[in-house]
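Position one of the sequence shown corresponds to residue 65 (our numbering), numbered consecutively onward.
Scroll down for the structure; my scribbles are underneath it.
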Amino acid sequence: MEHVIEWPPRFVSPDVSGAAFLMQRELQWFEVLQERSFAWLDNPSREKHEKTYREAFVDKHKDLLKEAGQWMKDTSSSCSFVAALIITVAFAAAFTVPGGNNSDTGIPIFLKKSSFMVFAVADALALFSSVSATLMFLAILTSRYAIDDFLRSLPRKMILGLTFLFLSLAFMLVAFGSALTIVLGERLNWIYIPITLLAAFPVVLFAILQLPLYVEMVESTYWPRLYRPLKLWK
């Protein structure tokens, strides 16, 4: 049982990124042992001075738990800052619509344009998505960071927060592109193509750089690929 609690890092799946998700993998493997009727995991261990194996597991991973908590805090702080910026931009854009408002009625001048409706919907979705992302990251920052939180609670909040953040960035780009189309569309009929390409570039760049990590986080939480037990028992 000592090998279960104190296996070396080389046995951990190499596609784990971040201390928080490494902690999650450790907990997932320990949970697998519990589900397979290893009742003695919660019985006192003579080798650990009458501690249960779960208590020994927690003691062994204190440093990793600290690193995982710091990783969650740093990531959530950075992402919540970006989400707050998007909230500010989206909220301001709702009151400074492209083309301005009619001085008599206060109704937006380009209200009947289809591109204006795209702008309005995209801006609203960007605002709501960024607010949701901020709430998720705040929930992470105010968490108690208990060891069991790293198994499901914190990873799911991080995934939801990143999902809402990515959506808010995409909707903000759509709103920006539609605003340029409203302002320049009548004079420059060809403007639609470069705007579409420019708006798509950050999305494609993000997909290349960050999507693999995001998919890995989702797989680690919902469809974990654990260790190779045969090597652990040698």
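All C-beta atoms in this analysis are idealised placements derived from N, C-alpha and C, irrespective of residue type, glycine included.
Since the model is a prediction, treat every value here as computed from it, not as a measurement.
Three or more C-beta pairs below 8 Å linking the segment 232–244 and the segment 204–216: Flag = no, the segment 232–244 and the segment 204–216 do not touch.
Residues near alanine 132 by beta carbon distance below 6 Å, same chain, minus five either side: Only Ala83, Ala84, Met87, Phe214 meet the Cβ criterion.
Run of the alpha helix (DSSP H) containing glutamine 134, from where it starts to where it stops: Run containing glutamine 134: 126–159, per the alpha helix (DSSP H) assignment.
For threonine 116, three-class secondary structure by DSSP: If DSSP states are grouped into helix, strand and coil, threonine 116 belongs with the strands.
For leucine 91 and isoleucine 255, the rounded distance between their alpha carbons: So the alpha carbons of these two residues sit roughly 53 Å apart.
With 16 other Cβ atoms within 10 Å as the buried cut-off, status of tryptophan 287: Burial call: exposed.
DSSP bridge partner residues for proline 288 (one or two, in chain order): DSSP lists no partner for proline 288.
One or two residues paired with proline 276 in a DSSP bridge: Answer is none; proline 276 lacks a bridge partner.
Buried or exposed (CB count within 10 angstroms, at least 16 for buried), threonine 198: Buried: at least 16 other Cβ atoms inside 10 Å.
Cβ contact (3+ pairs, closer than 8 Å) linking the segment 186–197 and the segment 254–273: The way I'd put it, the segment 186–197 doesn't touch the segment 254–273; fewer than three beta-carbon pairs between them come closer than 8 Å.
Proximity below 8 Å, CB of serine 5 to CB of leucine 202: As shown, the chain starts at 65 and ends at 298. That puts residue 5 outside it, with no answer to give.
Simplified DSSP assignment, three categories, for proline 266: Three-state DSSP puts proline 266 in a helix.
Sequence-distant residues of the same chain with beta carbon closer than 8 Å to valine 282, five excluded per side: The answer, listed in chain order, is Ile223.
Proline 172 (DSSP reduced to helix, strand or coil): In the structure shown, proline 172 sits in a strand (DSSP, three-state: E or B).
Secondary structure of threonine 227, DSSP reduced to three states: Of the three classes helix, strand and coil, the one that applies to threonine 227 here is helix, per DSSP.
The segment 140–156 touching the segment 123–131, judged by at least three CB pairs closer than 8 Å: Between the segment 140–156 and the segment 123–131 there are fewer than three inter-stretch CB-CB distances shorter than 8 Å, so the stretches are not counted as touching.
Candidates Arg208, Met236, Leu273: closest to alanine 156 by CA position: Here the closest residue by C-alpha is Met236.
Distance, tyrosine 209 Cα to methionine 181 Cα: Distance between the alpha carbons of methionine 181 and tyrosine 209 is about 43 Å.
Test item: CB-CB of alanine 263 and aspartate 187 under 8 Å: 8 Å or more divides the Cβ of alanine 263 from the Cβ of aspartate 187.
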